[in-house]
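Read top to bottom, the protein sequences are chains A and B. Residue numbering for the first sequence follows the working numbering, starting at -15 and increasing by one per position. Residue numbering for the second sequence follows the working numbering, starting at -15 and increasing by one per position. Encoded as structure tokens, the structure appears first; notes follow it.
There are 2 protein chains.
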Amino acid sequence: MTVSTDPVQQLRGAALRVTRPRVAVLEAVADHPHADTDAVIQAVRDRAGDVSHQAVYDVLRALTGAGLLRRIQPSGLVARYESRVGDNHHHVVCRTCGDIADVDCATGTAPCLTASDDHGFSIDEAEVLYWGTCPACTATTVH
Amino acid sequence: MTVSTDPVQQLRGAALRVTRPRVAVLEAVADHPHADTDAVIQAVRDRAGDVSHQAVYDVLRALTGAGLLRRIQPSGLVARYESRVGDNHHHVVCRTCGDIADVDCATGTAPCLTASDDHGFSIDEAEVLYWGTCPACTATTVH
DNA sequence: ATCTTTTCTTGACTTGTTCAAGATCGTGCG
DNA sequence: CGCACGATCTTGAACAAGTCAAGAAAAGAT
């Protein structure tokens, strides 16, 4: 069974109250995957009128906590959000412009999920980040 | 051939000027792997007297750029540094206390280094981060 | 020893994010 | 359908990590 794509149902399903800001955030992130908080705030205001930046921060946290959104924050960049959750995919990050693209698991369903020596940690997630240069930046660099 | 463990030689080898702050930072990070900037500043002052926080930031950036140090910044946590570079090992991060431990590559030398679909990105590094709970925090949580 | 260039010091500032108090709104219940 | 309660939003201040900028100091070449 797939998770509903309707914001209201998603919220209900997660036992969260349905509010204008929350619906708008879910829609905004679905429309702009990998958007940072600022871009989400803009997109939310475009579709739902005045919403305080604080509300967006709160909502992003609540939705991330509920598992409806996933937060990505590559080293040195600001936090970004995406609505594609639960399929354990990974990301490529451009060192130059910070652009992010999705990458599905290379080998099977959960490739690097088991550490060789976990030092007694109980591991629940493996996050893979690929670093490189995006096509656009590669093109610009080559004069 | 192995990279020297002597700070002065490391700096010379990277064509960097040898200064008191730089030597102190290299020693501090070697002594305290996975320390954040603040901890590095403290450690540097302990061993080299007054050094401005700005100098430490500059030095950390210069050394990271030269490949003498590696910067780690898990989502939501402040930047940390380690001197174990060039062996492509990964990290486990405790969700509760932020503690970090080293993890060697699970399968062979470079497990997940190839993305299934790179979207045209030219990838130069794959970073793997394991998330979980460290032994200490597991013990505290279980009442 | 002197000169040039890099690096360090000082201190202000920016950015992304969080805290806090009170107003407002969603939802369950009568 | 309307009320009560608690969750959520607004407003505005605060905070932490890191960066910027100008001048003083020091490393290394000659």
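The beta carbon of each residue, even a glycine, is placed where N, CA and C say it ideally should be. If you're wondering where the values come from, they're calculated on a predicted model, not measured in any experiment.
Item                                                                                                                            : Value
beta-carbon I84(B) near the ligand MG non-hydrogen atom, thresh 7 angstroms                                                     : Although the ligand MG was asked about, the structure shown includes no ligands whatsoever.
As assigned by DSSP and simplified to three states, the class of G60(A)                                                         : coil
Per-residue contacts from H103(A) into chain B (C-beta, under 9 angstroms)                                                      : V76, A85, D86, V87, C118 and P119
Length of the line joining the Cα atoms of R54(B) and A(-1)(A)                                                                  : 42 angstroms
Per-residue DSSP class, three states only, for V13(A)                                                                           : helix
Closest by C-alpha distance to G116(B), when choosing among D71(A), E109(A) and S59(A)                                          : E109(A)
Distance between beta carbons of H16(B) and I84(B), contact taken as under 8 angstroms                                          : Rounded, the Cβ-Cβ distance is 12 angstroms, inconsistent with contact.
Residue interval of the alpha helix (DSSP H) (run including H75(A))                                                             : Here H75(A) belongs to no alpha helix (DSSP H); instead the beta strand (DSSP E) covers H74 to C78.
Whole-number beta carbon distance between T21(A) and A63(A), since they are thought to touch under 8 angstroms                  : 6 angstroms
V69(B) versus C81(B): straight-line alpha-carbon distance, rounded                                                              : 24 angstroms
DSSP-derived helix/strand/coil call for V69(A)                                                                                  : coil
Bridge partners - A32(A), DSSP secondary structure assignment                                                                   : Paired residue(s): none; A32(A) is not in a bridge.
Assigned secondary structure, A(-1)(A) (DSSP; H/G/I helix, E/B strand, else coil)                                               : coil
Inter-residue Cα distance where the pair is P(-9)(A) and H73(A)                                                                 : 22 angstroms
Best match in G60(B), D42(B), D86(B) and F105(B) for proximity to H75(A) [C-alpha to C-alpha]                                   : F105(B)
Where A39(B) falls: helix, strand or coil (DSSP)                                                                                : helix
G116(A) - DSSP class collapsed to helix/strand/coil                                                                             : strand
Residues of its chain near D13(B), where Cβ-Cβ distance is below 7 angstroms and the 5 sequence neighbours each way are ignored : First, the residue type needs correcting, since residue 13(B) is Val and not Asp in the sequence shown. These residues qualify, in order along the chain: A19, V24, L53, Y65, E66 and S67.
Per-residue burial, V43(A) [other beta carbons within 10 Å of its own, 16 or more giving buried]                                : buried
Neighbourhood of R129(A) by C-beta, 8 angstroms cutoff - its chain only, sequence neighbours within 5 removed                   : No statement about residue 129(A) is possible, as the shown extent of chain A runs from -15 to 127 and does not include it.
Residues near V28(B) by beta carbon distance below 8 angstroms, same chain, minus five either side                              : P5, A8, V9, A12, V35 and V40
Reduced DSSP category for D20(A) - H, G, I as helix; E, B as strand; rest coil                                                  : strand
Closer than 8 angstroms to chain B by CB, A19(A)                                                                                : no
Nearest-angstrom Cα separation, counted from I56(A) out to S(-12)(B)                                                            : 36 angstroms
Which of helix, strand or coil DSSP assigns to T93(B)                                                                           : Its pLDDT being 43, under 50, T93(B) is placed unreliably by the model, and nothing is read from it.
Beta-carbon spacing of E111(B), L61(A) below 8 angstroms                                                                        : no
Bounding residues of the beta strand (DSSP E) (the contiguous stretch that carries D86(B))                                      : I84 to V87
Contact belief for D101(B) with V87(A) at Cβ below 8 angstroms, rounded distance in angstroms                                   : 6 angstroms
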